[in-house]
Amino acid sequence: MTFSKDEQPKNIPESNTTDNVAVPKNFLIPFLLLSLKQWNMHGYKLMQVLLDLGFTTIDSSNVYRTLRQLEKDHYIKSNWEQGEEGPAKRIYSITEEGEAFLKTCHSSFLQYQQMLQTFFSIYTNSLFPISNFTDKND
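Using the UniProt record's numbering, read the sequence shown as starting at 1 and increasing by one per residue.
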């Protein structure tokens with residue numbers, strides 16, 4: 001869908017590049033839980049892992065707010081750990097409830113994956129319809 005500059009919806013980027021496409025908001029929780037399923041870690045390290053996993057920008061206040069909510073919902077737990085240097089750090093770990101929720105996310109993502117495969121198949125075919133590739137000598 002193409003829009004003139006005046007018609008461009010505010011929530012859709014004007015350019016067609018994917019350089020700074022934001023990860024959907026609902027991806028933060030599953031990726032935090034997935035990271036904590038692998039390792040117990042503090043918030044700053046979690047943010048580094050999120051960047052490594054493909055998040056292009058990280059709002060640290062949103063990450064910490066989400067961690068507090070996950071702890072309140074019993075999906076994660078935390079404890080303070082005194083390091084050899086510097087102040088104590090809050091170390092987060094996933095709970096059984098968090099692992100159950102992560103499993104639900106996995107099932108949902110499998111459905112999304114199938115939908116996205118269908119989307120890309122249709123989209124690619126609409127850009128390059130098979131009829132365009134027939135032999136010109138026919």
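Just so you know, even glycine gets a beta-carbon here, dropped at the ideal spot from N, CA and C.
(request) Tell me, please, whether the region 65 to 84 touches the region 31 to 50 by the rule of three or more beta-carbon pairs shorter than 8 Å. (result) yes
(request) Determine the burial state of Tyr112: buried for a count of at least 16 other Cβ atoms within 10 Å of its Cβ, exposed for fewer. (result) Reading the sequence shown from its first residue, position 112 is the one you call residue 112. That one is exposed.
(message) Helix, strand or coil for Thr17? Go by DSSP, reduced to three states.
(response) The residue given as residue 17 occupies position 17 in the sequence shown. Below a pLDDT of 50, predicted positions are generally treated as unreliable, and Thr17, at 45, falls in that range; no measurement from the model is reported.
(message) Check whether the region 24 to 40 and the region 101 to 120 are in contact - that is, three or more C-beta pairs closer than 8 Å.
(response) yes
(request) Would you list the residues sitting across from His42 in a DSSP beta bridge? (result) Looking up residue 42 in the sequence shown gives position 42. DSSP, once it has assigned bridges, lists Ile91 as partnering His42.
(message) Just verifying my parser: in three-state terms, what is the DSSP assignment at Glu85?
(response) Taking the sequence shown and counting its residues from 1, one reaches residue 85 at position 85. In the structure shown, Glu85 sits in coil (DSSP, three-state: anything other than H, G, I, E or B).
(message) I believe Leu50 touches Ile94 by the beta-carbon criterion, under 8 Å. Please report the beta-carbon distance rounded to the nearest angstrom.
(response) Within the sequence shown, the letter at position 50 stands for residue 50. Within the sequence shown, the letter at position 94 stands for residue 94. Incorrect: roughly 15 Å between the Cβ atoms, too far for contact.
(message) Residues in the same chain with beta-carbon distance under 8 Å from Ser78, minus the five sequence neighbours each way, listed in chain order, please.
(response) Walking along the sequence shown from the start, residue 78 turns up at place 78. Result list for Ser78: Leu67, Glu71, Arg90, Ile91, Tyr92, Ser93, in chain order.
(request) Select from Gly83, Asp73, Val63 the residue whose C-alpha is nearest the C-alpha of Glu97. (result) The residue given as residue 97 occupies position 97 in the sequence shown. Answer by Cα proximity: Asp73.
(request) List the DSSP bridge partners of Asn79. (result) To locate residue 79, count along the sequence shown from 1; it is residue 79. Answer is Ile91, bridged to Asn79.
(message) Does Gly54 come out as helix, strand or coil in the three-state DSSP assignment?
(response) Position 54 of the sequence shown, counted from the start, is the residue given in the question as residue 54. Three-state DSSP puts Gly54 in coil, outside helix and strand.
(request) Express the C-alpha separation of Val63 and Ser108 in angstroms, rounding to a whole number. (result) For the purposes of this step, residue 108 is identified with residue 108 of the sequence shown, where counting begins at 1. For the purposes of this step, residue 63 is identified with residue 63 of the sequence shown, where counting begins at 1. If you take the alpha carbons of Ser108 and Val63, they lie about 22 Å apart.
(message) Measuring straight from C-alpha to C-alpha, what distance separates Phe119 and Asn26?
(response) Taking the sequence shown and counting its residues from 1, one reaches residue 119 at position 119. Taking the sequence shown and counting its residues from 1, one reaches residue 26 at position 26. Taking the straight line from one Cα to the other gives about 20 Å.
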